[in-house]
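Residue numbers (this note's numbering): 629 to 1059.
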């Protein structure tokens, strides 16, 4: 086995021991050899090592709803309030003139970032929900640095950099290349503004190796390992963020913000948002079905990969609070739209561009071509089907498209590591 493959394997074993292995990283493990001991399962390792024994709590105006319904979780799980929740629900019945139903709504997670001292809303999006649990655990462990993976324009890496900075932690982003866009430029400059340490490697395997080396080097220099947050925040701890979000939605339905939806449309990337929502909706007693819109050509983004994540997350939460039901899921529970990812991750399709224009022109809301544009493209396609007649549909906006030009105009891209210059010196795709 080559040194590269051994280093990748050691890194993956380290991630798995911390309960932090993403789907992509698990896939790589199968490529370098199955040397993981079989005696102890992934969930056993996660349960034993992932949480601080003494939880840290810093609440905002209200506690997360999941702690109200399952109070024993509060005794085990750390939490730091980061976002402005509940995120509002807006009716978007004018988005699709050919829609078979007028009952179309949007959950505005783009507005869940708090206001800063200048009255500008901090970057929001779906990752804020996961980071409230990750960064709470990092603070409980007295961590000073967090490290995560992503692509060059990763919204997850950006959110990690922003909110780590807001709670006094440093962020390290281990990235790989993607198709260039204005959002890639924006996210890199914002990460730099919030003090993130940025690295880029040519592909997933080299990124794993680079992450492993950075992890060890940090220990040598600072005497401690950085707190690791998996790709996309996808693991049982991160998925708690969207289990909690489902109970937030339940309370909004009860107070009349919208009827109970028949369908919720979300993007399917690392699958954590989908997994958390599916578990949370079922635990909350809602009959809503999640339609997960695949945004990547990665073959692992499928029903067979999603099922183990659902089961692992349910088992993890039940182990912390036995009153949480041992929910069961089968292939019949999964609705994944496979026809909208186009040429792959980060490459906007013509349908996505049309959806982005429709949302911008009708409601003044900016989407991206990687996740939200493709999701709304699927939504617009499905709304025209006869079987959608008079159904209640919710699009969960996971992308924050607010204008941050006042921030990024303060810095030059030459302040970034030189490996990122290409995103500013080469052309970008239409968006």
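Glycine is no exception: its CB is placed at the ideal position from the N, C-alpha and C atoms.
Is any heavy atom of the ligand NAD found at a distance shorter than 7 Å from the C-beta of residue i?
i            : result
residue 1018 : This structure does not include the ligand NAD; it has no bound ligands of any sort.
Would you list the one or two residues that DSSP bridges to residue i?
i            : result
residue 1024 : 735
residue 826  : 801
residue 895  : 921
residue 708  : 686
residue 779  : 804
residue 749  : 743
How would you write the range of the alpha helix (DSSP H) that residue i sits in, first residue to last?
i           : result
residue 772 : Per DSSP, residue 772 belongs to no alpha helix (DSSP H) and is neither H nor E.
residue 832 : 832-850
residue 719 : Looking at the DSSP string, residue 719 is not in any alpha helix (DSSP H); the run it does join, the beta strand (DSSP E), is 717-719.
residue 864 : 864-882
residue 696 : 693-697
residue 991 : 978-991
residue 999 : Careful: residue 999 lies outside any alpha helix (DSSP H) and carries neither H nor E.
From residue i to residue j, what distance separates their C-alpha atoms?
i            : j            : result
residue 854  : residue 961  : 37 Å
residue 709  : residue 760  : 6 Å
residue 596  : residue 795  : Only positions 629 to 1059 of the chain appear in this structure, which leaves residue 596 out of reach.
residue 1038 : residue 1044 : 13 Å
residue 940  : residue 1054 : 42 Å
residue 820  : residue 998  : 21 Å
residue 836  : residue 828  : 11 Å
residue 915  : residue 890  : 7 Å
residue 842  : residue 888  : 46 Å
Let me know if residue i comes out buried or exposed under the rule of 16 or more other beta-carbons within 10 Å of its beta-carbon.
i            : result
residue 830  : exposed
residue 689  : exposed
residue 862  : buried
residue 849  : exposed
residue 1046 : exposed
What residue range does the beta strand (DSSP E) around residue i cover?
i           : result
residue 803 : 798-804
residue 964 : 963-965
Specify the secondary structure class of residue i as computed by DSSP and reduced to three states.
i            : result
residue 673  : With a pLDDT of only 33 at residue 673, under the threshold of 50, the placement of this residue in the model should not be trusted; the figure read from the coordinates follows. Note: residue 673 maps to helix in three-state DSSP.
residue 946  : helix
residue 934  : helix
residue 761  : helix
residue 1046 : helix
residue 1052 : helix
residue 665  : Unreliable placement is indicated for residue 665, whose pLDDT of 33 sits below 50; no coordinate value is reported for it.
residue 743  : strand
residue 907  : helix
residue 1041 : helix
residue 855  : strand
residue 788  : helix
residue 729  : coil
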